[in-house]
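Heads up: the structure comes next, in structure tokens.
Listed below in structure tokens is the structure:
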């Protein structure tokens, strides 16, 4: 029972490089989301999805792309990395109905942009 | 727009004492939900407790309770009989109207709780 799996756990990029953070959940959850955590600022929502094929922007979407081709996967793409994107990234998912208010997080991905 | 404020950057408490972590919120939505999460030093985010704005009773989950005061717009977390394992960062979060689940949360800055033996 893996829950939410994020890869990679650590990544170092140079400014201008692109990369994809992978996120997969095996709980058949409808909803998935990406947050970034910066020191002293809590977590901020980047993008979220309410189902396969449906995504929407959160509070800090600039510089990131997402897609949701399957229920299980919700990758986050950095188009041209900038030092300001150095952060810890969390993917999360939640279901509908009784489980709607329980957000399950992945272990996080620490990204450093030089 | 919604906003969560946690005014205590750090708190130090003796083991076995009760502790209250403060959270105030601002929203114009008539219906909303409030959450608390724990983040140990290992980094994972752990869901603790949820309170809906129309819930009549304060939420409780084991040693955790949420002291919800709607008129004051506060949603404080109370941990009874604190343990060394409670040392962690704690985040208050909320969702707004038209959102039925936890998929679009606004988080506060967090409070770092340290339990002393």
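Protein chains in written order, with the working numbering: chain A, -18 to 95; chain B, 2 to 118. Note that beta-carbon positions come from the ideal geometry of N, C-alpha and C, so glycine has one too.
With contact defined as three or more Cβ pairs closer than 8 Å, the segment 68 to 75 of chain B and the segment 36 to 49 of chain B are not in contact.
The beta carbon of residue -16 (chain A) does not come within 8 Å of any beta carbon belonging to chain B, so the residue lies off that interface. Residue 93 (chain A) and residue 75 (chain B) have their C-alpha atoms roughly 36 Å apart.
Using a CB distance cut-off of 8 Å, residue 18 (chain B) does not count as an interface residue toward chain A. Scanning A:65, A:28, A:69 for the CA closest to the CA of residue -4 (chain A) turns up A:65. Contacts with chain A at 8 Å (Cβ-Cβ) do not include residue 62 (chain B). Listed in chain order, the non-local C-beta contacts of residue 118 (chain B) below 7 Å within the same chain comprise 16, 85, local neighbours out to five positions each way being set aside. Of the other Cβ atoms in all chains shown, fewer than 16 fall within 10 Å of the Cβ of residue 7 (chain A); this residue is therefore exposed.
Non-local beta-carbon contacts of residue 111 (chain B) in its own chain, meaning distances under 7 Å to residues more than five positions away in sequence, involve 7, 90, 91, 92 in chain order.
Every unbroken stretch of the beta strand (DSSP E) spanning 3 or more residues and falling wholly within the segment 21 to 53 of chain A is given here in chain order: 24 to 32, 35 to 38, 45 to 47. Three or more Cβ pairs closer than 8 Å define a contact, and the segment 69 to 79 of chain A meets that threshold against the segment 3 to 22 of chain A.
Three or more Cβ pairs drawn from the segment 37 to 55 of chain A and the segment 19 to 29 of chain A lie within less than 8 Å of each other, which places the two stretches in contact. Residue 65 (chain B) and residue -10 (chain A) have their C-alpha atoms some 31 Å from each other.
Within 10 angstroms of the beta-carbon of residue 23 (chain A) lie 16 or more other beta-carbons, which makes it buried. With a beta-carbon spacing of about 11 Å, residue 90 (chain A) and residue 18 (chain A) fall beyond the 8 Å limit used to define contacts. By DSSP's assignment, residue 62 (chain B) forms a beta bridge with B:65. Neighbours of residue 106 (chain B) in chain A, taken as residues whose beta carbon is under 9 Å from its own, are 14, 16, 24, 26, 73, 84 in chain order. Inter-residue distance for residue 71 (chain A) and residue 82 (chain B) is about 30 Å (C-alpha atoms, whole angstroms). In the three-state DSSP reduction, residue 34 (chain B) falls in the strand class (E or B). Distance from the CA of residue 52 (chain B) to the CA of residue 61 (chain A), rounded to the nearest whole angstrom, comes to 40 Å. Cβ proximity to chain A below 9 Å picks out 34, 36, 38, 40, 43, 44, 45, 46, 47, 48, 51, 53 from the segment 24 to 53 of chain B. Neighbours of residue 79 (chain A) across chain B, judged by C-beta separation under 8 Å, do not exist; the nearest C-beta is about 10 Å away. Of the candidates A:81, A:67, A:5, the residue whose Cα lies closest to the Cα of residue 55 (chain A) is A:5. Taking the Cα positions, residue 59 (chain A) is about 15 Å away from residue -13 (chain A).
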